[in-house]
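Asks:
Numbering (this note's numbering), first residue to last: -9 to 463.
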């Protein structure tokens, strides 16, 4: 066990008290982006980068480019962050994304590294990934120890599949601050209903990627939701909700009653639950440990839906869209989608009407079975790509209708030039995974591409392989 930052030690005795601590942005909504990368070491034949080189990369990004870089829990991973921007400044945010992606590529290549162009690293075994995860040396001296505690707790609990998440996927993560409970609920609902489409749209692993024996295969975002079973692959706290306040109430009830794999004890130590022990916020209350820190640990299991950003005295709520494969235009395109439908209310309502036309009405209970079937199809898509059902129609047609719906708002906010890779994918059905499938037919092809791809296809958010392969007029 290891010490953690305990500035959030104030008690949160029950869900009502935690609801009272929540606040929402009274001013303009803001949007920010985090971008994750797997780093390969070209000097070691493209295998996972080791600590020393990754630490040097982080230092260069901070010192030369003034970029905020976060520790990740595996030695070969990094995460860079943008600032938060209001809707009129989304063009500036997109410029910052381009600057960050360009700087990461420039400094990585200088150090003999190269970002992996897929959502996961081709050829990475679970054993090697775990080794990199456990051995990571981070600037935060408690980070690696906390990771070891959590990994052991997951194994002891029989939830070994949850270890896959930090090993399998790097993604772009886009967060939008909530102006009120109903806005939070609307954002989370849209995110969940759109997931089958968005996972397919941004999937960038060709079928040959998965033909690698015992290598890691799953797309963790899809696999995690498939494990949610016939709840419709959405948290029960969302499926049972009808408005913002009922969603928050259900979410906090879930936070206080779900089993936790680890918690912060009375000495401020990060501690794993004993094997067979069931720890919840309710049981921690009896020990005087129902702190905001532990509440945030519990709610982090809903990382795919909502985040509570806590600063002393407040808990700000934001919705987060994440787990789409990261490369090239993904971060910029996800930013545009989120900015338009979650920050421009007219666009949000237009997207809701479109979803209703595809058998996704406003009532969450009514969509559970449809969403469940759609996600199962995405998990087993093979070479179908967008040629598969979605809601009450077909995904390739929905993609075209989705672009038709948001395009006037992209024009309204001067984003037409930035939306071109996304527009091409939606209009033609030529996703990155489909384009890669045309080029890469064997695991050897995948490994070679991972080492030798054109850096512009990953560093430039206005480029995509699908656009590069498109017939020239």
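Virtual Cβ for every residue (Gly too), placed ideally from N, Cα, C.
1) Assign residue 457 to buried or exposed, taking buried as 16 or more other Cβ atoms, counted over all protein chains shown, within 10 Å of its Cβ.
2) Per DSSP, which residues does residue 45 bridge with? Please list them.
3) Just to confirm, is the Cβ distance from residue 174 to residue 234 under 8 Å?
4) Is it true that the stretch 178 to 187 meets the stretch 415 to 423, where meeting means three or more beta-carbon pairs spaced less than 8 Å apart?
5) Based on Cα-Cα distance, which residue from 345, 267 and 252 lies nearest to residue 260?
6) For residue 37, which residues from the same chain have a beta carbon less than 7 Å from its beta carbon, with the 5 sequence-adjacent residues on both sides left out?
7) Could you give the first and the last residue of the continuous beta strand (DSSP E) run that contains residue 165?
8) Go ahead and pull the three-state DSSP assignment for residue 411.
9) Which partner residues does residue 383 have in the DSSP bridge list?
10) Can you tell me which of the three DSSP states residue 56 falls into?
11) Please list the segments of the beta strand (DSSP E) lying wholly inside the stretch 228 to 296, counting only runs of 3 or more residues, in order along the chain.
12) Quick one: which unbroken alpha helix (DSSP H) runs of 4-plus residues sit fully inside the stretch 50 to 100? Chain order, please.
13) Could you name each continuous alpha helix (DSSP H) segment of 4 residues or more that falls completely within the stretch 332 to 364, going from the start of the chain to the end?
14) Tell me whether residue 449 sits in a helix, a strand or coil according to DSSP, three-state version.
15) Which term fits residue 56, buried or exposed, when burial requires 16 or more other beta carbons within 10 angstroms of its beta carbon?
16) In the DSSP output, which residue or residues are listed as bridge partners for residue 103?
17) Determine the direct distance from the alpha carbon of residue 316 to that of residue 386, and round the result to whole angstroms.
18) State the start and end residues of the unbroken alpha helix (DSSP H) segment that holds residue 8.
19) Checking 8 Å against the spacing of the C-beta atoms, do residue 179 and residue 341 come in under that value?
20) When we look at the beta-carbon of residue 219 and count the other beta-carbons within 10 Å, is it buried (16 or more) or exposed?
21) So is residue 431 buried or exposed if we call it buried at 16+ other beta carbons inside 10 Å?
22) Over the uninterrupted alpha helix (DSSP H) stretch that includes residue 177, give me the two end residues.
23) Are residue 112 and residue 448 touching if we call contact CB-CB under 8 Å?
24) I'd like to check one pair, residue 93 with residue 308: are the Cβ atoms closer than 8 Å?
25) Taking its Cβ as the centre, do 16 or more other Cβ atoms sit within 10 Å of residue 182, making it buried, or is it exposed?
26) Compare the Cα-Cα distances from residue 279 to each of 51, 195, 258 and 62 and report the closest residue.
27) Determine the DSSP secondary structure at residue 420, reduced to helix, strand or coil.
Replies: On the basis of the supplied data:
1) buried
2) Beta-bridge annotation (DSSP): residue 45 is not paired with any residue.
3) Cβ atoms of residue 174 and residue 234: closer than 8 Å.
4) The stretch 178 to 187 vs the stretch 415 to 423: no contact.
5) 252
6) 30 and 31
7) 161 to 167
8) helix
9) 380
10) coil
11) Within the stretch 228 to 296, the complete beta strand (DSSP E) runs of at least 3 residues are 252 to 254 and 259 to 262.
12) 80 to 100
13) 335 to 347
14) helix
15) Residue 56 should be labelled exposed.
16) Looking at the DSSP assignment, residue 103 forms a beta bridge with 31.
17) 21 Å
18) Element bounds for residue 8: 5 to 11.
19) No.
20) For residue 219, the pLDDT reaches just 49, beneath the cut-off of 50, and the residue's location in the model is therefore unreliable, although a value from the coordinates is still provided. Exposed, by the Cβ-count rule.
21) With fewer than 16 other Cβ atoms within 10 Å, it is exposed.
22) 171 to 192
23) No, the pair does not count as a contact, with Cβ atoms beyond the cut-off.
24) no
25) buried
26) 258
27) coil
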